[in-house]
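Beneath this line is the structure, given in structure tokens, with notes to follow.
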Amino acid sequence: MQLRRHPLRDRRLLSSLVMLPAICFQIGNAAGSDPISEDYFFEELPVVLSATRLSQSLADTPTAMTIIDKEMIRASGARNIPDLLRLVPGFAVGFYSGSRATATYHGLADQYARDMQVLIDGRSVYDPAFGGVAWADMPIEVDEIDRIEVIRGPNAAAYGSNSFSGVVNIISDHPADRPGTMLKTIIGEGNVRKIYGRHAGSVGNFAYRLSANYDEYDGFEDREDSADTRWFNFHGEQTLDNDDTVEFRVGFSQGNYGEGWSDIFQQTRVLNNRYNFQQITWKHQQSPSNEFQINFYHNYQQIEDSYRSPIISDVIKGLDDLQGFPEPIRPDIFALGLSGGNYNFQMFLDELKLTDSPLTLSWLGFESDRYDLEFQQTLQTSENLRLVWGAGARQDRGESVWIFHQYDAITRNQIRLFANTEWHISPAWVINAGGMVERFEDKDPFFSPRLAINHHMDQNNTFRASASRAYRMPTLLEDHINLVVFLDEPLNDLNTWILATGNLDPQSIDSFELGYLSSFPEIGLILDLKLFHEKINNMINEIHNLDIPDPDRGLTDPIALATLNNFNQLIQEGAGTYINSGEATINGLEVNLDFRPTPRDLIFLGYSYANTYGQEAFLILDGTIQSDNGISDNAASHTFSILGSHRFDSGIQISSAYYHVGEMTWGGEGDLIPTFRRWDVRLGKQFTLPGMDGEIALIGQNLNGGHVDFFNAPNRDLVNRWETRFFLQASLGFR
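Residue numbers 19 to 753, in the working numbering, belong to the letters of the sequence shown in order.
Pasting the structure below:
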């Protein structure tokens, strides 16, 4: 997939334009002089798959899209998918540890961005338990990606609930596209060590690719958040006959991730993650105008993250503030202990009806599964009308005694029916209409519609207007959480921390968009402008409910109760919970510019302005919900990205990227983060040898100095700070 391009007549002008970002960063450049293929003059606008499930020209899609292709992936120097998403207008990416990231479109997210649908080769990788995507556990290498199609706006009409703010569709290479063997390694500062290998080939009518990867990384300098991961994946396609193919995909990953900081509830520790998936797809071409497919997949994720605090006696002895404790207890029980003396601690525990045990804490330990089966048919019913429709069923499963306070698994079933049509009323007018009906177990059914009209003013200019509604289902955690601090073993409750108190409804978004798409074939430029209005209702918020009582330990002595309620951070009054309360309005504009005047030059620019306001609940007291207007801080007003690249005759390629995200507050455990600015540079050299080709590249990230990411809490001794780092990357392909 390439964009429509045409050469510039003035090569000196070309030299200036292609290195616009480098000029900004004081990097020089010189132009090349190789001839340009005639085919390059006549390439069409990109054909995309994600907007409606129909193959469409970018000018016919009902919504704004950003396409990240191989040229952009290489030029960016990104080592992971979240860093690639920084290129997309309106996106913000946060790393809450050195290797684990969250990505959001238009903000309002925490470390589990629950409103973004992410697909890899037609398989949703959305986590049903926590929500969001475990990016570090995904067994895919950026080098295997053919392109990423990002739908900037709700798309539940095509992909269902949780396609709320947008959709990221990652499409990998077909095994037959890149046969042979490839090895790649990366080493660099921060103890980055990576080795990746891939082999693709065919046996008769069976094409296949097998990949394996290992990498390790020390993470942020001031945290114990190092990581090491290993994974493999396999993709095979069997051509049965002229009309039928079957695709198989399997993958596995295992990773160890440092987590936590100096906090009794977030101690430094190592998480052990396991992830695997299986997918099979049968495609049948009934006729040139009638095809269908059946797709089945299973995702499994396990996170082991249980740990224990010091025993209670050590915790109490370590307290340095006795003012909250009853006066009679201070001299008789604590004073000697705090000063290093001895006292009858067992008598104190007996009075509290406690044992001198460690507190067992776990925020993340769980297992989850997703099983999904879907049928889809694509029809050309007439010369001007195309239709795609289908039905599917899904089961999500979560199991965690830590999160759900029970040993049995929690399941949720879903069925769905969808249809999308593309109707060319005339050569100048196109209507896209569609929707999806979903029914979740224990929830009312709901319908997510979309209607869009595109007007082609001429061959190169298109206006579009669209309206859509989408929903975000609560996760299993939001619907069923019962998170407690245990004494010694599960179900011996000490204190309730977060408790689900009711059956949540999905939150909804109504989105209206005006867009303008223009191509300038004489200079190889495509410009996409978007004005948008989004209204979010019935928001699912985590708040503190002071009306939730603690577990009843049978205590009646007032001194014992007062003491128990003053175990510093170990005991809290009330508990967290999730409710439907709050609303947000987001108005703004976006610019997406792709400029490719020659096959070896690239400038990509993305900009977004968003004005966010609304209310969200933060406290329940005596049955009254209290709200505030602080939601505007949870989205950046401005995001900006620019990527420039030029490849010389000698095979040397120089590229540079700059990213800007305005001040914003990450939800959940996140903090207010000052304006984010990052400058990356990549210098690569491609070479060819008999029977092989390769590349060596030097990559510099954060060249403008350190910046803060996700956590910014000096009072907790927790600040994620990126520093300037350099990496050396080498790859070798055997044909």
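Beta carbons: idealized from backbone N, C-alpha and C, even for Gly.
Here the structure is a predicted model, which means the values were calculated and not measured.
Taking 7 Å as the limit between beta carbons, can you name the residues of its chain near residue i, skipping five residues before and five after?
{"i": "Gly408", "result": "Glu392, Phe393, Gln394, Gln395 and Phe436"}
{"i": "Phe148", "result": "Tyr130, Thr493 and Leu495"}
{"i": "Tyr181", "result": "The identity of residue 181 in the sequence shown is Ser, whereas the question assumes Tyr. Contacts found: Gln135, Pro172, Asn173, Ala174 and Ala488."}
{"i": "Gln398", "result": "Ser307 and Arg404"}
{"i": "Pro53", "result": "Reliability fails at Pro53, whose pLDDT of 46 lies under 50, so the model's placement of it is uncertain and the value that follows must be treated cautiously. Once the five neighbours on either side are set aside, Pro53 has no close Cβ partner at all."}
{"i": "Glu741", "result": "Glu239, Asn720 and Gly724"}
{"i": "Ala110", "result": "Thr122, Gly125, Ala654, Thr657, Val679 and Met682"}
{"i": "Leu736", "result": "Trp279 and Phe729"}
{"i": "Ala446", "result": "His473 and His474"}
Tell me the DSSP bridge mates of residue i?
{"i": "Leu522", "result": "Per DSSP, none; premise fails for Leu522."}
{"i": "Gln320", "result": "Arg292 and Glu385"}
{"i": "Met134", "result": "Gly184"}
{"i": "Gly108", "result": "Per DSSP, none; premise fails for Gly108."}
{"i": "Thr396", "result": "Glu309 and Val406"}
{"i": "Ala69", "result": "Per DSSP, none; premise fails for Ala69."}
{"i": "Asp619", "result": "His664"}
{"i": "Phe613", "result": "Leu543 and Ile621"}
{"i": "Thr122", "result": "Ala110"}
{"i": "Thr493", "result": "Paired residue(s): none; Thr493 is not in a bridge."}
Between residue i and residue j, is the Cβ-Cβ spacing less than 8 Å?
{"i": "Gly554", "j": "Ala628", "result": "Gly is not the amino acid found at residue 554; the sequence shown has Ile there. No, Cβ-Cβ distance for Ile554 and Ala628 is not below 8 Å."}
{"i": "Gly273", "j": "Phe250", "result": "no"}
{"i": "Phe658", "j": "Asp689", "result": "no"}
{"i": "Arg739", "j": "Gly206", "result": "no"}
{"i": "Leu535", "j": "Trp515", "result": "no"}
{"i": "Ser179", "j": "Arg415", "result": "no"}
{"i": "Val160", "j": "Gly184", "result": "no"}
{"i": "Ser526", "j": "Ser486", "result": "no"}
{"i": "Ala121", "j": "Pro100", "result": "yes"}
{"i": "Gly155", "j": "Tyr293", "result": "Note on residue identity: the sequence assigns Asp, not Gly, to residue 155. Against a cut-off of 8 Å, the Cβ pair of Tyr293 and Asp155 comes out as a contact."}
{"i": "Ser244", "j": "Asp236", "result": "yes"}
{"i": "Ala635", "j": "Ile691", "result": "no"}
{"i": "Asp323", "j": "Gly276", "result": "no"}
{"i": "Ala96", "j": "Pro80", "result": "no"}
{"i": "Leu549", "j": "Leu532", "result": "yes"}
{"i": "Ala675", "j": "Asp646", "result": "no"}
Closest by CA to residue i, which one among the options?
{"i": "Gln129", "options": "Gly686, Glu713 and Leu746", "result": "Gly686"}
{"i": "Arg118", "options": "Asn291, Arg170 and Lys461", "result": "Asn291"}
{"i": "Ile566", "options": "Leu637, Asp497 and Leu607", "result": "Leu637"}
{"i": "Leu512", "options": "Phe314, His423 and Tyr677", "result": "His423"}
{"i": "Phe538", "options": "Gln477, Asp195, Asn313 and Ile138", "result": "Gln477"}
{"i": "Lys703", "options": "Ala748, Gly383, Asp390 and Phe465", "result": "Ala748"}
{"i": "Leu639", "options": "Tyr293, Thr595, Thr630 and Ser673", "result": "Thr595"}
{"i": "Gly520", "options": "Thr693, Ser529, Phe504 and Ile558", "result": "Ile558"}
{"i": "Leu137", "options": "His124, Leu126 and Val151", "result": "Val151"}
{"i": "Thr84", "options": "Asp101, Val186 and Phe384", "result": "Val186"}
{"i": "Leu116", "options": "Phe504, Asn209 and Asp259", "result": "Here the sequence assigns Gly to residue 116, which means Leu is not the residue at that position. Taking only the C-alpha atoms, the option nearest Gly116 is Asn209."}
{"i": "Gln303", "options": "Glu322, Leu258, Ala470 and Met475", "result": "Leu258"}
{"i": "Ile660", "options": "Glu681, Ser626, Asp667 and Thr630", "result": "Ser626"}
{"i": "Phe745", "options": "Ala127, Gly108, Ile91 and Arg211", "result": "Arg211"}
{"i": "Leu721", "options": "Asp735, Thr706, Ala731 and Arg695", "result": "Arg695"}
{"i": "Glu608", "options": "Val65, Lys88 and Pro107", "result": "Pro107"}
{"i": "Leu228", "options": "Arg267, Asp261, Thr247 and Arg170", "result": "Arg267"}
{"i": "Asn652", "options": "Leu201, Ala470, Val406 and Tyr631", "result": "Tyr631"}
{"i": "Ile433", "options": "Glu417, Glu456 and Trp441", "result": "Glu456"}
{"i": "Ala470", "options": "Lys461, Ser484, Glu162 and Val143", "result": "Ser484"}
Using C-beta distances below 8 Å, list every residue in its chain close to residue i, excluding the 5 sequence neighbours before and after it, in chain order.
{"i": "Leu611", "result": "Leu543, Ile544, Leu545, Asp546, Ile621, Phe622, Leu623 and Gly624"}
{"i": "Tyr226", "result": "Pro193, Ala218, Gly219, Ser220, Phe252, His253, Gly254 and Glu255"}
{"i": "Asn231", "result": "Pro157, Glu159, Lys212, Ile213, Tyr214, Gly215, Thr247, Arg248, Trp249 and Phe250"}
Could you check whether the Cβ of residue i sits closer than 7 Å to any heavy atom belonging to the ligand NAD?
{"i": "Ser650", "result": "This structure does not include the ligand NAD; it has no bound ligands of any sort."}
Please go through the same chain and pick out, in chain order, the residues whose beta-carbon is closer than 6 Å to the beta-carbon of residue i, but skip the five residues on each side of it.
{"i": "Phe752", "result": "Gly198, Thr199 and Met710"}
{"i": "Ile189", "result": "Asp164 and Arg165"}
{"i": "Ser34", "result": "With a pLDDT of only 38 at Ser34, under 50, the local geometry of the prediction cannot be trusted, and the value read off the model is given with reservation. Excluding sequence neighbours, Ser34 sits near nothing in its chain."}
{"i": "Arg388", "result": "Pro146, Asn317 and Asp414"}
{"i": "His551", "result": "Phe530 and Asn605"}
{"i": "Asn479", "result": "Ser536"}
Write down the C-beta distance between residue i and residue j rounded to the nearest angstrom, noting that I regard them as a contact closer than 8 Å.
{"i": "Ile428", "j": "His498", "result": "5 Å"}
{"i": "Asn431", "j": "Glu401", "result": "Not a contact, Cβ separation roughly 40 Å."}
{"i": "Leu105", "j": "Ser94", "result": "7 Å"}
{"i": "Val448", "j": "Asp195", "result": "Between Asp195 and Val448 the Cβ distance is about 30 Å, and since that is not below 8 Å, they are no contact."}
{"i": "Gln311", "j": "Glu385", "result": "Not confirmed; about 30 Å, so no contact."}
{"i": "Gly600", "j": "Gln633", "result": "6 Å"}
{"i": "Gly222", "j": "Asp727", "result": "Contact flag wrong, Cβ pair sits at about 49 Å."}
Counting only C-beta atoms, is residue i closer than 8 Å to chain D at any point?
{"i": "Phe636", "result": "Checking the listed chains, one finds no chain D in this structure; it contains a single protein chain."}
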